[in-house]
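Right, one structure below, let's go through it.
In this note's numbering, the protein residues as written are -19 to 115.
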């Protein structure tokens, strides 16, 4: 499994960068695309891709010895998965019906954004600690 260690480090670096860059990419799309609905659809798809990239990183981490060192990455992936498969559904319901579980779309969007930023921060902590490199 040592052969996977270097590609894993590259994948983690790319994933961390793409997580953070998506924050400004989404902001730019909403600023410059005249159709906010289209911007939202594109952003939602990009956030979904980030979730699957994270799942790929986590799956690879499970194959490596010392996978416990990736705990911040696992937490980030869990947060992204929560956003993708739970919060997104409530956001869509709120958008379609005016509210879901007593919260409007804007509130659900705020919850989703907070969860996403927490996932980004988890990856920063993981990178800062640099523990995954020694797996």
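Beta carbons: idealized from backbone N, C-alpha and C, even for Gly. Remember, predicted model here, so these are calculated numbers, not experimental data.
Distance check for residue 24 and residue 13, CA to CA, integer angstroms please. 15 Å
Does the beta-carbon of residue 10 have 16 or more other beta-carbons within 10 angstroms, so that it is buried, or is it exposed? exposed
Cα-Cα separation between residue -18 and residue 44, rounded to whole angstroms: 8 Å
Could you tell me the boundaries of the alpha helix (DSSP H) in which residue 80 lies? Where residue 80 is concerned, there is no enclosing alpha helix (DSSP H), given that its DSSP letter is neither H nor E.
Every unbroken alpha helix (DSSP H) within the region 21 to 68, with a cutoff of 4 residues, ordered by chain: 51 to 62
Keeping to the same chain, check which residues put their C-beta closer than 8 Å to that of residue 54; ignore five residues upstream and five downstream. 38, 41
How many whole angstroms separate the CB atoms of residue 74 and residue 90, which I take to be in contact at a CB cut-off of 8 Å? Residue 74 to residue 90, Cβ: 11 Å. No contact.
Between the Cα of residue 29 and the Cα atoms of 94, 70, 60, 100, which residue gives the shortest distance? 60
For residue 7, count the other beta carbons within 10 Å of its own beta carbon; 16 or more makes it buried, fewer makes it exposed. Which is it? If you draw a 10 Å sphere on the C-beta of residue 7, you find fewer than 16 other C-beta atoms in it, and that means exposed.
From 105, 110, 97, pick the residue whose C-alpha is nearest to that of residue 1; which is it? 97
Suppose the cutoff is 6 Å on Cβ atoms and the five residues either side in sequence are ignored; what does the same chain contact list for residue 102 look like? 52, 55, 56
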